[in-house]
Ligand SMILES: [Cu+2]
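Residue numbers (mature numbering (1 follows the signal peptide of the UniProt record, and there is no 0)): -21 to -1, 1 to 215.
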C-alpha cells in the first residue's frame, strides 16, 4: 500500500512540474489537494448590466480541486455574449470599480498571449474559469443560467499560490472583454471539524457531526455546503 501511495505521489509531483510550450514561466498549474468541503467561499454581486451573479467555491470530498457553482441572472441584452468570467487578482474598488481588480489570477505566469486550451486546463491561467469550463451562455440574458464543475487548479488553502481567498475577486465580462460586473470573493463559512461544530446529534463515534448526510438531514439544498442553516437560508 505504501509503495503505491508513494509512487502515486511521485507521479503527481513529476507531472505537476512538466513545462510545456504553452504554459507559464513557472510551469503548469498543479492539481490542488486538501481542499476542505467544509469551507465555503462566495462572490455575490450585481451591476447595471447584470441583475445577479452568485458563485460558490467549496472543497471536495477527496480534497482534490474546488467545486464551483456559478449562476448569472438577467444580463443586459445590449451586452454581447457569450460571457467570460475569471478570478482576478485584487479587490473591487470604490463604487464597484472593476478596473481595480487588476489581471487574472495567474500564479504560474502564463500570461494572455494564447487562449486557454480547454483540453489542457493545467496550462491555462488559474483564474480563467470560463476558459477552462466554458463561457456563460446567452441564456443568462433571460433568467438565470447556472453551471457547476470541479476546477482542479483552484485552492482554498492560504499557503497555496492558487488560493482564491486572499482578497481576490470575480469579474464578469462581455465577449469583448469589457468588465460589466465584479464582486469580491469572501469566506462565507468555515465549519470546524472534530466535533466542535454545534450539533444536537453529535456523538463520540469520531464521525464529523456535520457531513453531507447531515446536510441532507436538515433539508438543505443540493449544495452539500448548505449544512449550516444560516448560510443555507442565505443561499436560498
Ligand atoms: Cu476577467
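Glycine residues also receive a C-beta, built at the ideal position from the N, C-alpha and C atoms.
From residue i to residue j, what does the alpha carbon distance come to, in whole angstroms?
i: residue 56; j: residue 108; result: 22 angstroms
i: residue 139; j: residue 10; result: 11 angstroms
i: residue 127; j: residue 86; result: 23 angstroms
i: residue 113; j: residue 148; result: 19 angstroms
i: residue 156; j: residue 63; result: 7 angstroms
i: residue 4; j: residue 30; result: 38 angstroms
i: residue 47; j: residue 103; result: 17 angstroms
i: residue 111; j: residue 95; result: 7 angstroms
i: residue 43; j: residue 116; result: 27 angstroms
i: residue 28; j: residue 159; result: 6 angstroms
i: residue 41; j: residue 14; result: 8 angstroms
i: residue 78; j: residue 170; result: 33 angstroms
i: residue 145; j: residue 118; result: 32 angstroms
i: residue 59; j: residue 84; result: 24 angstroms
Using the DSSP secondary-structure output, state which residues sit across from residue i in a beta bridge.
i: residue 3; result: 6
i: residue 82; result: DSSP, once it has assigned bridges, lists no residue as partnering residue 82.
i: residue 36; result: 20, 47
i: residue 94; result: Note: residue 94 sits in no beta bridge, so no partner.
i: residue 142; result: 134
i: residue 150; result: 65, 161
Verify whether the separation of the beta carbon atoms of residue i and residue j is less than 8 angstroms.
i: residue 129; j: residue 8; result: no
i: residue 120; j: residue 54; result: yes
i: residue 36; j: residue 45; result: yes
i: residue 70; j: residue 80; result: yes
Given a threshold of 16 other Cβ atoms within 10 Å of its Cβ, counted over all protein chains shown, does residue i qualify as buried or as exposed?
i: residue 166; result: exposed
i: residue 72; result: exposed
i: residue 2; result: buried
i: residue 88; result: exposed
i: residue 154; result: exposed
i: residue 162; result: buried
i: residue 220; result: Nothing can be reported for residue 220: it is not among the residues displayed for the chain, which extend from -21 to 215.
i: residue 168; result: buried
Exercise. Are the region 15 to 22 and the region 99 to 114 in contact at 8 angstroms, needing three or more beta carbon pairs?
Worked result: no
Exercise. Any chance the region 134 to 149 sits against the region 116 to 126, with 3 or more Cβ pairs inside 8 angstroms?
Worked result: no
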